[in-house]
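These notes concern the structure reproduced below.
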Amino acid sequence: MKRLHIPTWLERQRYLLDFTLSSLGRRKGKNLALTALYAMVVFGLASVLMYTQALRGEAMRILEGAPDVVVQRMVAGRHDLIPADRVERLSRIRGVQEARGRLWGYYYDASAKANLTFLVPEKFWGKAGEVVIGEGVARTRLAAPGEPFPVLASDGSVVILKVRETVPSPSELVSTDLVLLSEPDFRRLFGVPPDLYTDIALTVPNEKEVPMVAAKIRGQMPDSRPITRAEIARTYEAILDWRSGLVVLVLAAALLSFGIVAWDKASGLSADERREIGILKAIGWDTSEVLAVKAWEGAVISLSAFLVGLLLAYVHVFVTSAPLLTPVLKGWSTLYPSFRLTPTLNPFLVSTLFLLTVVPYTVATVVPAWRAATTDPDAVMRS
Amino acid sequence: MILHPSVLALVGSALLVGALLVYSAFWGARIVQSWDLSSGSELQLALERRTHLISTLLGYVLVFGLASLFLFVFTADSLAPLFTGAMCAAGSLHASRYGYPTLLLQIGGFALAAIWLIVNRADSLGYDYPLVRFKYRFLLALTPVLLAETALRAAYFLDLKPEVITSCCGSLFGSGGRGFGSDLAGLPPSLAGGVFVALLLGAIGAGMVFRISGRGGWLLGALSALSLPVGLAAVVSWLSPYVYELPTHHCPFCLLQGEYHWIGYPLYAALLGGSLTGAGVGVLMPFRSIPSLDVELPAYQRRLAGWSVALLTGLGLLVGWIVATSHLRTS
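Those protein sequence lines, which keep their order, are chains A and B. Residues in the first sequence are numbered from 1 upward in steps of one, following my numbering. Residues in the second sequence are numbered from 1001 upward in steps of one, following my numbering.
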């Protein structure tokens, strides 16, 4: 005689999962609608999280190349040009390896209706009269290498420069609106006297000395404002966190209404479902087994909605560059068309999303599921 | 207060889980008060039904607790740039006086919830709810711990103010500083490491003895329960410098980062899993004499001991591999 096979815990769970899937399949429309709604909530939240993480990553990559300290001169609370002799004074501060005067500024280009950033790089590789332009500038001005690049100087005259090349850049985020040119051209265009710079960049090799150096600068030059790289990074972080937090708060309303729908769906059992549970209990199912089926049901719906939502958000953010979120979270000048974000997907994001979506869903459905699982078979049969 | 999506997720889910707990504790108190299996009263039937709900709820509380434990460390880590001098979770936890207490309570609460589930599983092995009163007294003790953790977590995030000068992990877990972190780091590494390895071997040995002969459950419980705090201390003072290959770097959080191949995840998972299953064996020891459990409970304890031995052995191998392949040499 064959011995009766007692299923192990794992096998039991597999059978229960099997049963759950076929039971979900019997009420396809209702469950699909719920899953789609759930997936939409996940999609919204996941898009925000992925997009801000990617933007933050991009910003941090750019900041890696930023100077350790930037010193600006303030006049009546406004940023002003800084005298060139301070470069020497700053480089004498202990801990500063190098001080360098920088020249940069913005130029409103009426033909492109956009602000361009003019910058004199540390070592400009072109000749005087030449410019190197960013992708975005090349696109809007339709300027190709070798073509003329007319610019309206501050004295009203038109200076015609020549495009040498477009910037070969790993990150279009920084270089898209950039125009690189030589120092004499910059001073001629904007009328900056030779003894003034826009600001001064310092190299401080030891990161721990940065706050001390900044304090010394404030002491020696009371009209100056030293800005450290950590401060810039902190500001970026705070702004991105704050903005994404706001969007998440707005989406919280969606989350709440989704929770109500889930609660309602779980507590308003159809006559069909009641009969099913009644029959299961009448043929000897235990309350804990019905509860296990309900738990599997929640897990199946959560997991599929979670994966679908995550996948859609991934496509939305990294393939189509987040058209739905750009206006809220990015915000910059008009010259800002295409850049691909570097895809990121990490446990941090997934666990945040898990706590934001699966926890409310589970909390909303657990009590109704238990109530359904503990109904007496005779009560169901009689009704 | 920092309006960060993960902060919202952590605080929001803590409030929801807190609500579940209060609800469970309310019914737990009623069960402790008026449980009477021989009665067929309406109340007794309702209470019997509630037990199903409460064990389901506590299961979820545990899963969410684990997820939020990791997310808490992640979030602290990602908030680090907001604080001058903070370079990882160690610094941002230090930015508020609630940071480290929250983390410790979270680990403690997780451990207690896991033990509760082990007791609950044991209870379901007997037909007459043999552990029901013990289980719900335990729940009533567990609830304030978890609620305190929820409150502290909210207080921590409310208390955080960006730009506070905090210490980075180099100075916080460096042996020159003051405070709990550096007290741990200042333990003689060979002592902490030695005690940890001895405990680990002892617990594995006791687990094997228990699995084979069914004896020494108390010893297994005590050794593996001790190996959790000792293990965490040993990670800080002894093991982490081997991972970073820097004798002065003692941070327990950087282990969770990709630069170190996420080695912290298997490490902490094996430590938590192995020590808690082992401790569960000890907690169940007094109940072996209950008639309705005399067959099932020892078998269940043996399975737990098997898990404990497997996980702690895995942990031992991982630790051995870290020490053996590290370029750090202590002598």
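Glycine included, every Cβ here is placed at the ideal spot set by N, Cα and C. As the structure is a prediction and not an experimental result, all values here were calculated from the model.
Near residue i, which residues of its chain fall below 7 Å by C-beta distance, leaving aside the five closest residues on each side in sequence?
i: residue 275 of chain A; result: 380
i: residue 60 of chain A; result: 233
i: residue 1323 of chain B; result: 1242
i: residue 1318 of chain B; result: 1266, 1267, 1270
i: residue 1139 of chain B; result: 1024, 1025, 1028, 1116
i: residue 1155 of chain B; result: 1098
Indicate the three-state DSSP secondary structure (helix, strand or coil) for residue i in the structure shown.
i: residue 384 of chain A; result: Only positions 1 to 383 of chain A appear in this structure, which leaves residue 384 of chain A out of reach.
i: residue 97 of chain A; result: coil
i: residue 106 of chain A; result: strand
i: residue 335 of chain A; result: Caution is warranted here: a pLDDT of 40 is assigned to residue 335 of chain A, below 50, making its placement in the model unreliable, and the coordinate value is therefore given only provisionally. Looking at residue 335 of chain A - three-state DSSP - the assignment turns out to be coil, as it is neither helix nor strand.
i: residue 81 of chain A; result: coil
i: residue 405 of chain A; result: Chain A is shown from 1 up to 383; residue 405 of chain A falls before or after that span and cannot be answered.
i: residue 1097 of chain B; result: coil
i: residue 1295 of chain B; result: coil
i: residue 1107 of chain B; result: helix
i: residue 1245 of chain B; result: coil
i: residue 126 of chain A; result: coil
i: residue 1261 of chain B; result: coil
i: residue 25 of chain A; result: helix
i: residue 1161 of chain B; result: coil
i: residue 18 of chain A; result: helix
i: residue 1074 of chain B; result: helix
i: residue 1002 of chain B; result: coil
i: residue 243 of chain A; result: helix
i: residue 1171 of chain B; result: Reliability of the predicted coordinates at residue 1171 of chain B is poor, the pLDDT of 48 falling under 50, and no value is obtained from them.
i: residue 1213 of chain B; result: helix
i: residue 1254 of chain B; result: helix
Just to confirm my understanding: we take residue i, look at its own chain, exclude 5 residues before and 5 after, and list those with CB closer than 8 Å. What are they?
i: residue 15 of chain A; result: 7
i: residue 1071 of chain B; result: 1006, 1009, 1010
i: residue 349 of chain A; result: 46, 49, 50, 53
i: residue 1106 of chain B; result: 1065, 1068, 1069, 1072, 1149, 1153
i: residue 337 of chain A; result: Because the pLDDT of residue 337 of chain A is 44, which lies under 50, any placement of that residue in the model is unreliable, and the number read from its coordinates should be weighed accordingly. Hits under 8 Å: 136, 139, 176.
Relative to the C-alpha of residue i, which residue among the options is closest?
i: residue 354 of chain A; options: A:269, A:322, A:284, A:255; result: A:255
i: residue 1267 of chain B; options: B:1312, B:1219, B:1193, B:1054; result: B:1312
i: residue 24 of chain A; options: A:316, A:295, A:197; result: A:295
i: residue 1259 of chain B; options: B:1249, B:1270, B:1244; result: B:1244
i: residue 179 of chain A; options: A:198, A:115, A:223, A:193; result: A:115
i: residue 80 of chain A; options: A:213, A:198, A:288; result: A:198
i: residue 368 of chain A; options: A:309, A:306, A:297, A:323; result: A:297
i: residue 1326 of chain B; options: B:1053, B:1240, B:1119; result: B:1240
i: residue 1124 of chain B; options: B:1159, B:1189, B:1052; result: B:1052
i: residue 1227 of chain B; options: B:1192, B:1256, B:1210; result: B:1192
i: residue 18 of chain A; options: A:83, A:292, A:309, A:357; result: A:292
i: residue 315 of chain A; options: A:373, A:36, A:345, A:142; result: A:345
i: residue 1087 of chain B; options: A:207, A:94, A:245; result: A:207
i: residue 196 of chain A; options: A:73, A:165, A:69; result: A:73
i: residue 372 of chain A; options: A:264, A:34, A:347; result: A:264
i: residue 365 of chain A; options: A:321, A:267, A:240; result: A:267
What does DSSP give as the partner residues of residue i in its beta bridges?
i: residue 1218 of chain B; result: Answer is none; residue 1218 of chain B lacks a bridge partner.
i: residue 180 of chain A; result: A:119, A:132
i: residue 195 of chain A; result: Paired residues: none, contrary to the question.
i: residue 72 of chain A; result: A:225
i: residue 166 of chain A; result: A:133
i: residue 149 of chain A; result: A:161
i: residue 114 of chain A; result: A:109
For residue i, I'd like the list of residues in its chain whose CB is within less than 6 Å of its CB, leaving aside the five on either flank, ordered along the chain.
i: residue 153 of chain A; result: 159, 189
i: residue 279 of chain A; result: none
i: residue 205 of chain A; result: 97
i: residue 1189 of chain B; result: 1237, 1238
Next item on the list: For the segment 1044–1061 of chain B, enumerate the residues whose C-beta is nearer than 8 Å to any C-beta of chain A, in chain order.
Entry: For the segment 1044–1061 of chain B, which is checked against every Cβ of chain A, the residues closer than 8 Å are 1049, 1052, 1053, 1056, 1057, 1060.
Next item on the list: Anything in the segment 1001–1024 of chain B with a Cβ closer than 8 Å to a Cβ of chain A? List those residues in chain order, please.
Entry: Listed by position, the residues of the segment 1001–1024 of chain B near chain A (Cβ gap below 8 Å) are 1002, 1003, 1004, 1005, 1006, 1007, 1008, 1009, 1010, 1012, 1013, 1016, 1017, 1019, 1020.
Next item on the list: Below 8 Å between beta carbons is the criterion; list the residues of the segment 213–243 of chain A that meet it against any residue of chain B, in chain order.
Entry: Within the segment 213–243 of chain A, the qualifying residues are 230, 233, 234, 237, 238, 241, 242.
Notebook entry, point to check: Going along the segment 1288–1315 of chain B in order, which residues come within less than 9 Å of chain A, judged by CB to CB distance?
Noted result: Answer set for the segment 1288–1315 of chain B: empty.
Next item on the list: Could you name the residues of the segment 277–306 of chain A whose beta carbon sits closer than 8 Å to any beta carbon of chain B, in the order they occur along the chain?
Entry: Within the segment 277–306 of chain A, the residues whose Cβ lies closer than 8 Å to some Cβ of chain B are 287, 288, 291, 295, listed in chain order.
Checklist line | Within 7 Å of chain A by C-beta, residues of the segment 1134–1152 of chain B in sequence order | finding: Residues of the segment 1134–1152 of chain B with a Cβ closer than 7 Å to any Cβ of chain A: none.
Notebook entry, point to check: In chain order, what residues of the segment 1063–1079 of chain B put their CB closer than 7 Å to some CB of chain A?
Noted result: Within the segment 1063–1079 of chain B, the residues whose Cβ lies closer than 7 Å to any Cβ of chain A are, in chain order, 1064, 1067, 1068, 1070, 1071, 1074, 1078.
Checklist line | Near-chain A residues of the segment 1247–1274 of chain B - C-beta to any C-beta below 7 Å | finding: If you check each beta-carbon in the segment 1247–1274 of chain B against every beta-carbon of chain A, none falls closer than 7 Å.
Check: Got a sec: which bits of the segment 1186–1199 of chain B sit with their beta carbon under 7 Å from any beta carbon on chain A, in order along the chain?
Finding: Cβ contacts with chain A: none found.
Next item on the list: Could you name the residues of the segment 351–366 of chain A whose beta carbon sits closer than 7 Å to any beta carbon of chain B, in the order they occur along the chain?
Entry: Listed by position, the residues of the segment 351–366 of chain A near chain B (Cβ gap below 7 Å) are 351, 352, 354, 355, 356, 359, 360, 362, 363, 366.
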